[in-house]
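Quick note on numbering: the sequence shown equals residues 75 to 194 in the working numbering. Heads up, the beta-carbon is just placed ideally off N, CA and C, and yes, glycines get one too. Remarks on the structure that follows.
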Amino acid sequence: MISQTHAYPAVLRTFGVFAALAALASTSAPPVRADMMGNAFLSALANAGLSLSEPAAATALGESVCPMLVTPGGSFDGVVARVRDSNGMPEQAAGLFTIVAIATYCPAVLASLMPHRLQG
Numbered sequence: 075m076i077s078q079t080h081a082y083p084a085v086l087r088t089f090g091v092f093a094a095l096a097a098l099a100s101t102s103a104p105p106v107r108a109d110m111m112g113n114a115f116l117s118a119l120a121n122a123g124l125s126l127s128e129p130a131a132a133t134a135l136g137e138s139v140c141p142m143l144v145t146p147g148g149s150f151d152g153v154v155a156r157v158r159d160s161n162g163m164p165e166q167a168a169g170l171f172t173i174v175a176i177a178t179y180c181p182a183v184l185a186s187l188m189p190h191r192l193q194g
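Written out as structure tokens, the structure reads:
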């Protein structure tokens with residue numbers, strides 16, 4: 075039989091281990107998700123025929139697309155222009171890049187931004 079004086083520290087140690095594991099899991103989850111999203115984004119760009127020399131810079135630019143859309147006055151065409159100007163991409167490539175970024179990072183806004191572009 076375990077006495078109360080020995081059981082209390084054992085419970086605290088067990089609780090401490092679980093708390094540490096929970097903290098570790100919560101701190102490692104966002105970077106893992108970000109890496110998965112970044113990899114999916116880069117893969118989608120490659121599948122769309124866009125080759126990029128700097129994947130980290132492309133991922134950072136892709137992640138910045140959705141915040142640009144929600145700024146006051148943000149529009150699809152405005153974001154395409156900013157992507158084009160910041161990267162020296164041709165207009166069509168910048169548009170494709172922007173569509174892939176939206177589809178990856180904020181897909182809920184895709185249809186509302188480009189209803190006339192999605193119709194055949």
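According to DSSP, is MET163 helix, strand or coil? When secondary structure is reduced to three states using DSSP, MET163 falls in the coil class, being assigned neither helix nor strand.
Any C-beta of chain D under 7 Å from that of LEU126: Considering every chain present, this structure includes no chain D. It has just one protein chain.
Can you give me the C-alpha to C-alpha distance between MET110 and ASN161, rounded to a whole angstrom? When rounded, the distance between both Cα atoms is 23 Å.
Suppose you measure from the CA of GLY152 to the CA of GLY123; what does that come to, to the nearest Å? About 23 Å.
For LEU187, tell me which candidate among VAL144, VAL157, GLN166 and GLU165 has the shortest Cα-Cα distance. Checked all of VAL144, VAL157, GLN166 and GLU165; the closest Cα to LEU187 is VAL144.
Is it buried or exposed for GLY147, if we count other Cβ within 10 angstroms and need 16 for buried? Classification of GLY147: exposed, given that the 10 Å Cβ count is below 16.
Got a sec? Which residues, its chain only, sit under 7 Å from MET142 by beta carbon, not counting five neighbours each side? So the qualifying residues of the chain are GLY148, VAL153 and ARG156.
In the structure shown, what three-state DSSP assignment does SER117 receive? SER117 falls in the helix class under three-state DSSP.
Which full runs of the alpha helix (DSSP H) of 4+ residues lie inside the segment 115-153, going along the chain? You should have 129-144.
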